[in-house]
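Here my numbering is used: the first residue of the sequence shown is 61, the next is one more, and so on. Ideal Cβ placement from N, Cα and C applies to all residues, glycine included. For reference, the structure is listed below as structure tokens.
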Amino acid sequence: MKRLSPFVRGMRDGVPIGLGYLAVSFSLGIAVKNAGMTAWQGFVMSWLGMASAGEYAAIEVIRAGAPYWEMAIITLVTNARYLLMSFALSQRLDPKLGIGHRLLIGYSVTDELFGISIAQETPLVPRYCYGAYLVAIPCWATGTALGVVAGNLLPARIVSALSVALFGMFLAVIVPPAKKNRIVGLFVLLGFGASFAASRLPWISSLSSGTRTILLTVLLAAAAAALFPIREDADE
């Protein structure tokens, strides 16, 4: 049997990811619609952003009418994990690979695409990544646009119910590591409690939701790193 080319293998592995993206980004599109944005704006945002949590945070900032600098900071904080993923992928690439390929690969680093890319043989072939991106990115952007269109057609109650799916996705991300590590679970609960308290306290509640999220993220992450540092030999 003839071995598939890296590009075709990437497309094959990107199909289930693309289908998942289509469903999740549909819920994101409903949030885009609720923020007063058009289907085209949601499509472009998802094509360029490619980050569910980061896009949702940006959408909430847009809805709140916050300034651009706040959107830039909260998106950077929310997507900070992609910096670590990019560092890991860079170690799997051919050292002679040009900057253009590196930028294109870094552009579409997501949790799922990182997972299938890091599992490939070293050195990682850029064509494999491009094949996966060719399937996943259009599905993500198209799902967002469809969510906006459907959000304009469906009754308000159904739209409200479907929007819960995005929060379900977030829970699916944080619950497994919280169950495996009690420290992570503790800080997840602290995050919930601190977020609720921040929305009620006299001074901090007057800040926008985006600013509160930035402050709580930095404070809780710094506390976790200081109190429970991860030793370098922990993964060995």
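**Report entry** Given 8 Å, three or more beta-carbon pairs between the segment 120 to 127 and the segment 88 to 105
**Finding:** yes
Query raised in the report: Run through DSSP, which three-state label would valine 195 get?
Result: helix
Query raised in the report: For aspartate 73, which residues from the same chain have a beta carbon less than 7 Å from its beta carbon, with the 5 sequence-adjacent residues on both sides left out?
Result: Ile176, Ala192
Requested in this report: Take serine 146 as the anchor and find which of Thr138, Ile134, Leu163 has the nearest alpha-carbon.
Outcome: Leu163
Query raised in the report: What number of angstroms, rounded off, separates the C-alpha of leucine 194 from the C-alpha of valine 235?
Result: 30 Å
Query - Backbone CA spacing between serine 150 and isoleucine 159 [nearest angstrom] - result: 11 Å
Query raised in the report: What three-state label does DSSP hand leucine 173 in the structure shown?
Result: helix
**Report entry** Where valine 185 sits in the DSSP three-state scheme
**Finding:** coil
Query raised in the report: Alpha carbon to alpha carbon, how far is phenylalanine 288 from lysine 240?
Result: 15 Å
Query raised in the report: Would the beta-carbon of glycine 207 fall within 7 Å of that of isoleucine 77?
Result: no
Query raised in the report: Exposed or buried, leucine 64, counting other C-beta atoms within 10 Å across all chains shown (16 or more means buried)?
Result: exposed
Query raised in the report: Excluding sequence positions up to five away, which residues of its chain have a Cβ less than 6 Å from the Cβ of valine 244?
Result: Pro237, Ala238
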